[in-house]
Amino acid sequence: MPPVRSAPGRRAPEFRRSSRRRLPEWIWWLVGIFLVLGLMLFVLHHNQREHFRPPVVDKGSEFEETHHEKVNFTEELLSSTSFARQLTDQMTLAKAYVVLAKEHGNLQLAWELSSQIRNCQRLLSEEAVSGKAITKEEAHPIITRLARLIYKAQDSHYDISTTIVTLKSLVNALEERAKAAVVQTAEFGQLAAESVPKNLHCLTVKLTEEWLQNPKHRGRSEEHRNSTRLVDNNLYHFAIFSDNVLATSVVVNSTVSNANHPQQLVFHVVTDRVHFGAMSTWFLINDFKGCTVEVRCIDEFTWLNAAASPLVRQLSEMETQGFYYGDSKNLEREIKFHNPKFVSLLNHLRFYIPQILPNLEKVVFLDDDVVVQKDLTQLFSIELHSNVIGAVETCLESFHRYHKYLNFSHPIISSKIDPHTCGWAFGMNIFDLIAWRKANATALYHYWQEQNADLLLWRTGTLPAGLLTFYGLMEPLDRRWHVLGLGYDVDIDDRLIESAAVVHYNGNMKPWLKLAIRRYKYIWERYVNFTHPYVRECLLH
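The sequence shown begins at 48 in this note's numbering and counts up one residue at a time.
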């Protein structure tokens with residue numbers, strides 16, 4: 048069969064599959080980017096909806112929190128519209144009528160008023176504890192009953208004028224009782240401060256017993272008395288006059304514990320006959336980092352007699368003994384001035400240091416109620432500019448100046464002393480004994496003691512005598528050497544205490560008493576040897 052020809056001008060159809068057209072690569076990249084962006088927008092939108100979804104509030108818990116919200120009881124009492132204020136006012140008036148009813152013999156009315164007052168107090172107490180405001184339903188019955196009883200009292204001729212007169216007399220009586228209570232409190236506080244705690248007495252007894260039973264202690268004590276260190280002016284000498292063994296131990300221990308070279312320290316301790324054995328034993332059986340401690344008895348100073356010392360002579364007089372040791376009937380007297388501690392010979396030995404230590408040139412005097420916190424050997428290098436004593440001044444503006452201690456109405460004082468001179472403190476002082484002997488300061492002390500035989504220049508104590516004796520002979524020291532007040536002031540700055548070289552428990556609240564201020568007691572207790580068997584046995588801890 049012959050082949051078929053196609054018509055002229057037309058192409059024969061091709062029966063193969065046409066090839067698929069491919070998209071450009073950049074279009075695919077663009078589509079991919081759009082998909083990624085869309086996915087990111089979806090995720091971001093979903094997270095924002097979760098983050099800003101309003102919290103579901105539990106209406107029950109919100110109501111419960113609002114329901115239990117406590118009211119301020121003080122604000123309730125001050126508010127003129129509160130039921131608590133109305134109850135308080137009526138209760139105060141009812142108490143006044145209770146007193147009036149008792150005075151007029153109407154015990155039935157007094158009992159009824161007291162009963163309602165107790166109900167009122169109970170309701171107010173419940174409000175204060177629960178924190179819920181008193182409702183009208185709770186207050187109305189008590190207010191009504193109190194109002195009726197008050198009207199009944201007024202109807203019994205207990206009018207306002209009678210009430211005022213009666214209450215005024217009651218106020219005067221209460222003021223008198225308050226004054227008596229203040230004086231009584233001062234007396235009890237002074238008695239507690241003067242008394243020796245049984246624990247300290249126990250320690251003294253234990254040490255005295257060992258002193259009497261052990262002859263070796265007495266032998267060693269005599270050997271120490273012959274030591275050349277006691278008169279060596281190249282060493283640092285300290286003087287302590289006390290009858291308190293534990294307090295003296297704390298002073299010595301705190302001083303050597305804070306010294307750079309404790310072996311160069313020498314302590315001269317003077318006590319009375321009763322405590323000499325205990326004091327000697329304590330410093331013989333305990334080591335204080337190699338320092339030297341000399342213990343002497345005041346009875347050794349035979350030159351301290353009535354012929355040489357006006358104070359000894361005055362103490363032998365009956366009037367002076369009655370002032371310090373007798374029973375006074377006057378409750379208005381100044382209690383602290385009758386403390387025998389103020390006039391004890393041990394307390395006045397500070398004015399005889401050159402006689403007690405005749406071979407020394409410089410001495411630091413320490414009271415037995417101080418604690419040393421820094422190295423005190425630097426005191427010996429302070430220039431005193433030919434003055435006898437170095438001390439910390441205590442005057443702030445007009446407080447603690449000379450006119451606070453001395454009687455400037457007396458011509459002997461007013462003619463020789465400037466009343467605005469700044470006062471200073473005993474308790475931690477550096478003495479230049481060469482300048483002391485040159486100024487003959489002990490003779491000045493005797494002069495002022497004789498002038499004050501009638502106690503008209505000052506009442507008592509060593510500080511007024513010291514202010515007069517060393518008038519014009521005192522070199523001020525930096526305040527940080529000596530910080531006072533730990534025996535009476537509860538608000539001393541902690542930074543001041545930490546920076547102090549010596550802290551002083553002057554006042555009645557000594558650290559070894561139960562009266563001590565607890566905030567400062569730990570400073571003193573750091574230097575008490577609670578591991579010593581005698582201390583443990585006497586339960587001092």
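Here a beta-carbon is modelled for each residue, glycine too, at the ideal position from N, C-alpha and C.
Can you have a look at glutamine 260 and say buried or exposed, based on whether 16 or more other CB atoms are within 10 angstroms of its CB?
-> Stepping through the sequence shown from its first residue, residue 260 is reached at position 213. Classification for glutamine 260: exposed.
In angstroms, rounded to a whole number, what distance separates the CA positions of cysteine 338 and threonine 251?
-> Within the sequence shown, numbered from 1, the residue matching residue 338 stands at position 291. Within the sequence shown, numbered from 1, the residue matching residue 251 stands at position 204. Those two C-alpha atoms are separated by around 23 Å.
Extent of the continuous beta strand (DSSP E) run through isoleucine 564 = As a working mapping, residue 564 is identified with position 517 in the sequence shown. Unbroken run through isoleucine 564: none, as it is neither H nor E.
Give a yes or no on whether the C-beta atoms belonging to alanine 175 and leucine 134 are separated by under 8 Å.
-> Taking the first residue of the sequence shown as 1, we reach residue 175 at position 128. Taking the first residue of the sequence shown as 1, we reach residue 134 at position 87. No. Outside cutoff.
In chain order, what residues of the same chain lie with their CB nearer than 8 Å to the CB of leucine 520, ignoring the 5 residues before and after it?
-> By 1-based counting over the sequence shown, the position of residue 520 is 473. Only Asn434, Val435, Ile436, Ala482, Ala486 and Ala488 meet the Cβ criterion.
Return the residue from the list Arg360, Pro405, Leu423 and Glu545 that minimises the CA-CA distance to valine 411.
-> For the purposes of this step, residue 411 is taken as residue 364 along the sequence shown, with counting starting at 1. Ranking Arg360, Pro405, Leu423 and Glu545 by Cα distance to valine 411 puts Leu423 first.
Can you tell which of Thr182, Ile190 and Lys183 has its C-alpha closest to the C-alpha of glutamine 163?
-> Reading the sequence shown from its first residue, position 116 is the one you call residue 163. For the residues Thr182, Ile190 and Lys183, the minimum Cα distance to glutamine 163 belongs to Ile190.
Look at tyrosine 399 and leucine 358 and say whether their C-beta atoms are less than 8 Å apart.
-> Residue 399 sits at position 352 when you count from the first residue of the sequence shown. Residue 358 sits at position 311 when you count from the first residue of the sequence shown. Not in contact: tyrosine 399 and leucine 358 (Cβ atoms no closer than 8 Å).
In this structure, does DSSP put tryptophan 471 in helix, strand or coil?
-> Residue numbering aside, residue 471 sits at position 424 when the sequence shown is read from its first letter. Residue state, collapsed to three classes: strand.
Quick one: grab the DSSP three-state call for glycine 437.
-> Taking the sequence shown and counting its residues from 1, the one referred to as residue 437 is at position 390. Residue state, collapsed to three classes: strand.
Residue burial classification, phenylalanine 478 (beta-carbon count within 10 angstroms, cutoff 16) | Residue numbering aside, residue 478 sits at position 431 when the sequence shown is read from its first letter. When all chains shown are included, phenylalanine 478 counts as buried.
Smallest Cα separation from cysteine 469: which of Ile460, Thr441 and Ser461?
-> On the sequence shown, residue 469 is found 422 positions in, with the first residue counted as 1. Nearest of Ile460, Thr441 and Ser461 to cysteine 469, Cα basis: Thr441.
Please classify lysine 557: is it buried, with 16 or more other beta-carbons within 10 angstroms of its beta-carbon, or exposed?
-> Counted from its first residue, the sequence shown places residue 557 at position 510. Burial call: buried.
Decide if alanine 141 is buried, meaning its Cβ has at least 16 other Cβ atoms within 10 Å, or exposed.
-> Here residue 141 corresponds to residue number 94 of the sequence shown, with the count starting at 1. That one is buried.
State the beta-bridge partners of threonine 339 as determined by DSSP.
-> Against the sequence shown, residue 339 aligns to sequence position 292. Note: threonine 339 sits in a beta bridge opposite Val313.
Among the residues of its own chain, which have a CB less than 7 Å from the CB of isoleucine 570, if the five just before and after it don't count?
-> Taking the sequence shown and counting its residues from 1, the one referred to as residue 570 is at position 523. So the qualifying residues of the chain are Val418 and Val550.
Pick helix, strand or coil for lysine 245, following the three-state DSSP scheme.
-> Here residue 245 corresponds to residue number 198 of the sequence shown, with the count starting at 1. In the structure shown, lysine 245 sits in a helix (DSSP, three-state: H, G or I).
Is it buried or exposed for lysine 226, if we count other Cβ within 10 angstroms and need 16 for buried?
-> The sequence position of residue 226 within the sequence shown is 179, counting from 1. With fewer than 16 other Cβ atoms within 10 Å, it is exposed.
Near arginine 132, what residues of its chain come up, given a Cβ to Cβ distance below 8 Å and the 5 sequence neighbours on each side ignored?
-> Locating residue 132 in the sequence shown gives position 85, where the first residue counts as 1. Glu123, Leu124, Leu125 and Ser126, listed in sequence order.
Given that a residue counts as buried once 16 or more other Cβ atoms are within 10 Å of its Cβ, and exposed if not, what is isoleucine 287?
-> As a first step, residue 287 must be located in the sequence shown, where it is residue number 240. Answer is buried; the Cβ neighbour count reaches 16.
Would you call the stretch 288-299 and the stretch 310-322 touching, i.e. three or more CB-CB distances under 8 Å?
-> yes
Histidine 467, buried or exposed, once every other Cβ within 10 Å from all chains shown has been counted against 16 = Numbered from 1 along the sequence shown, position 420 holds the residue referred to as residue 467. That one is exposed.
Since I believe phenylalanine 473 is in contact with aspartate 414 (beta carbons under 8 Å), could you give me their beta-carbon distance rounded to a whole number of angstroms?
-> Position 367 of the sequence shown holds residue 414. Position 426 of the sequence shown holds residue 473. Aspartate 414 to phenylalanine 473, Cβ: 7 Å. Contact.
Secondary structure of aspartate 290, DSSP reduced to three states | Translated into positions along the sequence shown, residue 290 becomes position 243. Aspartate 290 falls in the coil class under three-state DSSP.
Own chain residues within Cβ distance below 7 Å of tyrosine 144, not counting five before or after = For the purposes of this step, residue 144 is identified with residue 97 of the sequence shown, where counting begins at 1. Contacts found: Leu160, Ile197, Ala200 and Tyr205.
Just tell me which of Ser296, Ile345 and Gly152 has its CA closest to the CA of leucine 617.
-> For the chain, the structure presents residues 48 to 588; residue 617 sits outside this window and is missing.
Just tell me which of His450, Leu586 and Met475 has its CA closest to the CA of lysine 463.
-> Against the sequence shown, residue 463 aligns to sequence position 416. The candidate whose alpha carbon is nearest that of lysine 463 is His450.
What's the C-alpha gap between leucine 510 and arginine 542?
-> Here residue 510 corresponds to residue number 463 of the sequence shown, with the count starting at 1. Here residue 542 corresponds to residue number 495 of the sequence shown, with the count starting at 1. Near 27 Å, if we compare the C-alpha coordinates of arginine 542 and leucine 510.
Lysine 376 by DSSP, collapsed to three states: which one?
-> The sequence position of residue 376 within the sequence shown is 329, counting from 1. Interpretation of lysine 376 is limited by its pLDDT of 45, a score under 50 that renders its predicted location unreliable; the figure taken from the coordinates is listed afterwards. The answer is coil: DSSP assigns lysine 376 none of H, G, I, E or B.
Residue nearest to glutamate 408 in terms of C-alpha spacing, selected from Gly513, Asp279 and Ser356 | The sequence position of residue 408 within the sequence shown is 361, counting from 1. The candidate whose alpha carbon is nearest that of glutamate 408 is Asp279.
Leaving out five residues on either side along the sequence, give the residues of the same chain with a beta carbon under 7 Å from the beta carbon of leucine 586.
-> Position 539 of the sequence shown, counted from the first residue, corresponds to residue 586. Asn246, listed in sequence order.
For valine 212, is the classification buried or exposed, using 16 other Cβ atoms within 10 angstroms of its Cβ as the cut-off for buried?
-> Numbered from its first residue, the sequence shown carries residue 212 at position 165. It is exposed - the Cβ of valine 212 has fewer than 16 other Cβ atoms within 10 Å.
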